[in-house]
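There are 4 protein chains.
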Amino acid sequence: MTGPLNVSEFEAIARERLDLPVYDYYAGGSDDEVTLRENIEAFRRMRLKYRVLVDVSERDLRTTLLGTPLTMPIILAPTALHRMAHPDGESATARAAASMGTIMTLSTISSVALEEVAQAAPDGPRWFQLYHFHDRARTEELVARAVAANYGAIVLTVDAPVLGRREKDLRHPFMPPDGVVAVHLLGDPRTVTTGDNPIAVALNQPSVNWTDLAWLRGLSDLPLLIKGVVRADDAKRAIDEGCAGVWMSNHGGRQLDTSIATADAVADVVDAVDGRGAVIVDGGIRRGTDVLKALALGADAVAIGRPQLWGLAADGENGVRAVLEMLRDELSTAMALAGCPTLGDIDRDLLA
Amino acid sequence: MTGPLNVSEFEAIARERLDLPVYDYYAGGSDDEVTLRENIEAFRRMRLKYRVLVDVSERDLRTTLLGTPLTMPIILAPTALHRMAHPDGESATARAAASMGTIMTLSTISSVALEEVAQAAPDGPRWFQLYHFHDRARTEELVARAVAANYGAIVLTVDAPVLGRREKDLRHPFMPPDGVVAVHLLGDPRTVTTGDNPIAVALNQPSVNWTDLAWLRGLSDLPLLIKGVVRADDAKRAIDEGCAGVWMSNHGGRQLDTSIATADAVADVVDAVDGRGAVIVDGGIRRGTDVLKALALGADAVAIGRPQLWGLAADGENGVRAVLEMLRDELSTAMALAGCPTLGDIDRDLLA
Amino acid sequence: MTGPLNVSEFEAIARERLDLPVYDYYAGGSDDEVTLRENIEAFRRMRLKYRVLVDVSERDLRTTLLGTPLTMPIILAPTALHRMAHPDGESATARAAASMGTIMTLSTISSVALEEVAQAAPDGPRWFQLYHFHDRARTEELVARAVAANYGAIVLTVDAPVLGRREKDLRHPFMPPDGVVAVHLLGDPRTVTTGDNPIAVALNQPSVNWTDLAWLRGLSDLPLLIKGVVRADDAKRAIDEGCAGVWMSNHGGRQLDTSIATADAVADVVDAVDGRGAVIVDGGIRRGTDVLKALALGADAVAIGRPQLWGLAADGENGVRAVLEMLRDELSTAMALAGCPTLGDIDRDLLA
Amino acid sequence: MTGPLNVSEFEAIARERLDLPVYDYYAGGSDDEVTLRENIEAFRRMRLKYRVLVDVSERDLRTTLLGTPLTMPIILAPTALHRMAHPDGESATARAAASMGTIMTLSTISSVALEEVAQAAPDGPRWFQLYHFHDRARTEELVARAVAANYGAIVLTVDAPVLGRREKDLRHPFMPPDGVVAVHLLGDPRTVTTGDNPIAVALNQPSVNWTDLAWLRGLSDLPLLIKGVVRADDAKRAIDEGCAGVWMSNHGGRQLDTSIATADAVADVVDAVDGRGAVIVDGGIRRGTDVLKALALGADAVAIGRPQLWGLAADGENGVRAVLEMLRDELSTAMALAGCPTLGDIDRDLLA
């Protein structure tokens, strides 16, 4: 017997351990889950034309993202309510990311307070994902807390003005299990006054637009990224309006179904950003070769969502670390086999 | 337990309730049912490049079709013999459409007389679908009755000069169940004098051509649309010859098998019509994102055929309304997620 | 209960009636049967853009092929040893073709002598398919007999210089059943002196080339076609060298596996022939829409191989006739639905 | 009952005879085995446009590869540890290749010493596949031994700077069975001092680069090929730097998963080499038509890996010979059916 050999095997373990509504909440997508599948397939369809006879005895996976040095171009995407996966919740995840030398992006829908997460891994790089609240004061307060707790960037989610229709969550209505609380949402009046999914109601703010972005940028000196971009024109505008980067995502296939797979959108967005900001990509990253392909298309880093949760459910902090190690090692192997000792050697010419 | 979450689940309920010959008559297509499947797949294959940071807090789905204000760009396509699905038949459907603020298109092969349908929902917008009868006098009479009963448009079906070969209907020969009568066909001599499918025999009129169209236009002041168009040249000619619009359709995959999916034909037809008439599309609409895509390609509205029947079979008037609400809500969500607060914001640039 | 509704249902009946080795001999293809499947799929993948509002009350399916008037552009391809399918063998097939007003192409590997077949349907149009024998005298004799028996054309098979590897026939070695004899091969020395498939050994003549074609043309005044063409240059040369036409075929996927599907090769061949000779297409015709597509690509007629055998196995002469009627009716329906009252109305513009 | 009819049936026999870890070691690929499958599918997808009326009574499959006359353009690729498949190991394979008049390429990871293999088939053409060892002296020594034993070329593997992740080997860790030894690796210090796959550790040498190639060329007068090339620029450079040819391969889908299928890379590489060196292709060759396609794309020869092992496992020397005969006969048949009596007649125009 061996431990899980790949991300899929981590998912299989997590599926066994988690209650079905929780597993489905994490794993599911919207509508017919076309984009959920396409995110994975789009990377898998791309073919690599590797180089030979390059000295790859030392691979250097280090990079710098918005000034933060990382051991690898793989960071953690924001995902909700980690205590559903493991009692240690986001603290475990933060420790794992810190120990691996990469960024954890904490979700607004965290089950552990952002300060406590910061304390769990004080030296680790961390970003804060933000939903723009109905109540501007709450948004302001959350940003201030993130600044105070030394989060290094604000990542505003922009692909969820309303909640995507995730039918699995409607079939066995998703409610956080007893004792798991979306701590940053406590006290939001809409959280308690509606029978609908309280998280969704509190967070989705359909009026948010480019004007609010300017206001948000003024709230702190932290670099701001927008997450959920798939279009070149949106990416260009974000940079033009002062964003430090764009985070390409379709929310893991959980929002607009039949959205373009992020893999298929990277090249255009990278060309539009044209080096003036960071480009991060999530959605469908399950193998080191997926990371290699995203970088070949021009992304600066990738982010993983569900894989971290499978690791967390399987073995807490150790599990998250194991997933990160696995993808790092797979990327390192892929770079060796592609003839790319450094990230700088990875370019579009690798793609058939 | 929840109610049906999507159109497919409505179909599952209908399949349980209906006798197999009736279900097969509604659900089946011609020959190998290639086009039946393709209609759905063609929409599903299209990928959306949604926009972000647009204020979508208010979505406006209202439109005007041939002068008729609608609450949404989704109307009911003509389908046969609603009393096979529910005792209230077309009256229930008409009440549902009216209550939702959209058009019901009554089929010539109605199981309730057009006047009775009009009375069931006197204020609802309604169109009348016409088969050109062998006997011109009958055609004339039907149009006159439709005018008298305040139908707002005549929709001439042109993709059924002969009946497509629907093998399911041949395997367990389709005959309307006892008590369900194609009321507008009563008295047609061919209905009674042949052993073949009486509806088909009465209706299919293979000689109908552009000349008859001119004659038809002269029968009333109602706007005339032709339904069953998939070609740009046919669409252009229809407009040139005075039609108020074209209704793109391949009869739901029930006529010429391996016809092009309507989704794949929209762009060319829209370009040919060039704004000089309305373009309506049916075939394969099962999700709000399908509606969004049809509109993005340039259609003015979509029509749904089978989904209304699944709703009718599941719960009569309420079921039809539930299906319309479902698609309206899905479209509203899709518009929000695509960054399109109004129908005017939906254009081809959304499609990858 | 109804009779078979389509060609597939005829095949199902035949599969039940025939001994497995015989069914497999008829149904099988070479190697991995890629081309066998592709022939069918290539037609099925093509999409039709039908025309509307054309008077199609009278469809005229008549055509003339090499001067022979036919009731429809569907003829019978040569297939081997009909007595394996039905005791009446090729005589039954000939009677069926004659009664339907179309051509039967008799195979050299007939189980009934060509004169007897001619007598069975003296007024029916018939062509003779020829394998170029090792022994030129035998070839000469067969052509002379065909001339004497009023066959209207010689169809030289050119895609079988050696026998394709049909693994099903090797698994349960194919030998004609007792009493079924390839009558035109009797007395061929190689038929009796080898343990291999006697038919194959007698017939495959790998040296046959363009020079032999000239010699063959000199043997009679009958028009000569070559059967087995998929290339434009070969087609052009055949016409240049005096052939009356080319018969596009890949031998029903029984010779070179992974050959191009004939459907995918028609347009180029038609363009190369440029009206200077007839173009006949076989391979994958199972529906009237397949015929329509072949004609739309520019073929003058299609030929059916296996479908006639399924009909013959199911019900002898009546079965062959039923298959021909079925395809004729399907073609007529397809022409009506495509807006093509005559064969002359069918052109490439119908294909998406 | 008949013997195996094709390569797949040989594999089925081998699968039954071999212990699962051995079968999996031979059959498996890296990661998700995408490239393993794609190698086969890419050839299968290509369509042939065969020529007719060419005299193919004599097919000449002979070719000359780097000055060595061969009876066919099919050689044996290096594969590891033949004694796992059959007690006679590489000696049996060598005798089979020699008796068939083609090249055996002996792997560095041989289970029989290169001298003993040479003695087993002294007159057969043989090449030696080389891994560049960590210890240059060992590399030097192996090349010297290959020269002394009359190997005709050195084939340096360049697509394995590190070992691809073959999960099947990790699930039931692969270790050579008792008594099967990688004889050329004996005494390598890293072979004995690590718990990891000893073969991998000894061989993978990630620093090897173009500079080492120059050094290697100086070690002997033998022609040098690099094996594992999929890129045109790498191929061109190899020739520019004095290689006698390039061996296109992705290591049978065992190294970088989602690499381009070799079939899809041939044309570009052939164009880049432009006749200045030999081009050999392995990966996915299972049928004579695959060989034909590789040659049509411009390859000089193909190499088979797994198929030889299936033959060896099934019946030792006779089994390897049977596989070679089978592919030779299939190629001969394919050439006949494609209208190509000689290898020189095979060109890209055969491909659709």
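Residue numbers (our numbering), protein chains in the order written: chain A, 4 to 355; chain B, 4 to 355; chain C, 4 to 355; chain D, 4 to 355. A virtual CB, placed ideally from N, CA and C, is assigned to each residue, including glycine.
For B:Ile157, which residues in chain C fall below 9 Å Cβ to Cβ?
-> Within chain C, no residue comes near B:Ile157; the closest Cβ sits about 15 Å away, beyond 9 Å.
By DSSP, does A:Asp22 sit in helix, in strand, or in coil?
-> coil
If you check the beta carbons only, do D:Ala83 and D:His89 fall under 8 Å apart?
-> no
Anyone know if the C-beta pair for A:Ser114 and A:Ala30 falls short of 8 Å?
-> no
Output yes or no for whether 8 Å exceeds the beta carbon distance between C:Pro226 and C:Leu69.
-> yes
Leaving out the 5 sequence neighbours to the left and right, which residues in its chain are closer than 8 Å to D:Arg148 when beta-carbon positions are compared?
-> Closer than 8 Å at the Cβ level, and outside the excluded window around D:Arg148, lie Leu117, Glu118.
Are the beta-carbon atoms of A:Pro81 and A:Val158 separated by less than 8 Å?
-> At a Cβ-Cβ threshold of 8 Å, A:Pro81 and A:Val158 count as neighbours.
Taking only beta-carbon positions, decide if A:Glu44 is within less than 8 Å of chain B.
-> no
Closer than 8 Å at the beta carbon, the chain C residues around D:Arg65 | Near D:Arg65 there are no residues of chain C at all, since even the closest Cβ is about 18 Å away, more than 8 Å.
Could you list which residues in chain E have their beta carbon closer than 9 Å to that of A:Met49, in chain order?
-> As a matter of chain content, chain E is missing from the structure shown, whose protein chains are A, B, C and D.
Listed in chain order, which residues of the segment 263-285 of chain B have Cβ atoms closer than 7 Å to some Cβ of chain A?
-> none
Uninterrupted alpha helix (DSSP H) stretches inside the segment 108-156 of chain D (no shorter than 4 residues) | 117-123, 139-151
Those residues which DSSP pairs with D:Lys230 across a bridge = D:Thr160, D:Trp250
Which residue from D:Glu320, D:Gly314, D:Lys239 puts its Cα closest to that of D:Arg20?
-> D:Gly314
Given that a residue counts as buried once 16 or more other Cβ atoms are within 10 Å of its Cβ, and exposed if not, what is B:Arg139?
-> exposed
For a contact meaning CB atoms closer than 9 Å, what does B:Asn9 contact in chain A?
-> Asp34, Asp35, Arg168, Glu170
So which of D:Pro344, D:Leu312, D:Glu320 has the shortest CA-CA distance to D:Ala15?
-> The option with the nearest alpha carbon to D:Ala15 is D:Leu312.
Any idea which residues DSSP pairs A:Ala30 with across the strands?
-> Answer by DSSP bridge pairing: none, since A:Ala30 is not bridged.
Got a sec: is the Cβ-Cβ distance from D:Ile106 to anything in chain A below 8 Å?
-> no
Proximal residues of chain B, C-beta to C-beta of C:Ala100 below 9 Å | Correct list: empty, because the minimum Cβ distance to chain B is about 24 Å.
Determine the closest residue to B:Glu143 out of B:Arg40, B:Met107, B:Asp224, B:Val326, with distance taken between C-alpha atoms.
-> Nearest of B:Arg40, B:Met107, B:Asp224, B:Val326 to B:Glu143, Cα basis: B:Asp224.
So, using beta-carbon positions, are B:Pro344 and B:Val150 closer together than 8 Å?
-> B:Val150 sits away from B:Pro344, with the two beta carbons spaced by 8 Å or more.
Nearest to A:Asp350 by alpha carbon, out of A:Ala100, A:Phe136, A:Asp63, A:Tyr53?
-> A:Tyr53
Examine chain C for any beta-carbon lying closer than 8 Å to the beta-carbon of B:Trp213, and answer yes or no.
-> Chain C contact via Cβ: present.
Who are the near neighbours of D:Asp162 in its chain, counting only those whose CB is closer than 6 Å to its CB and skipping five residues on each side?
-> Closer than 6 Å at the Cβ level, and outside the excluded window around D:Asp162, lie Gly231, His254, Gln258.
Mind checking who D:Asp271 pairs with in its DSSP beta bridge?
-> Paired residue(s): none; D:Asp271 is not in a bridge.
Can a CB atom of chain A be found closer than 8 Å to the CB of D:Pro226?
-> no
Using alpha carbons as the reference points, say which of A:Gly308, A:Ala275, A:Tyr28, A:Met87 lies closest to A:Ala302.
-> A:Ala275
Kindly identify the DSSP beta-bridge partner or partners of B:Asp285.
-> In the DSSP output, where bridge partners are listed per residue, B:Asp285 has B:Ala306.
When the Cα atoms are used, what is the spatial distance from D:Val28 to D:Ala297?
-> A quick correction: the sequence has Tyr, not Val, at residue 28 of chain D. If you take the alpha carbons of D:Tyr28 and D:Ala297, they lie about 26 Å apart.
Can you tell me the Cα-Cα spacing of C:Val233 and C:Val211, whole angstroms?
-> 17 Å
Opposing strand residues paired with D:Asp63 [DSSP bridges] = Beta-bridge pairing links D:Asp63 to D:Thr345.
Selection from C:Gln122, C:Thr108, C:Glu333 that minimises the alpha carbon distance to C:Gln132 = C:Thr108
Identify whether A:Thr292 lies in helix, strand or coil by the three-state DSSP scheme.
-> helix
Please confirm if A:Tyr154 has its CB atom under 8 Å from at least one CB of chain D.
-> no
Neighbour list for A:Leu216 in chain B, Cβ cutoff strictly below 7 Å = Leu56
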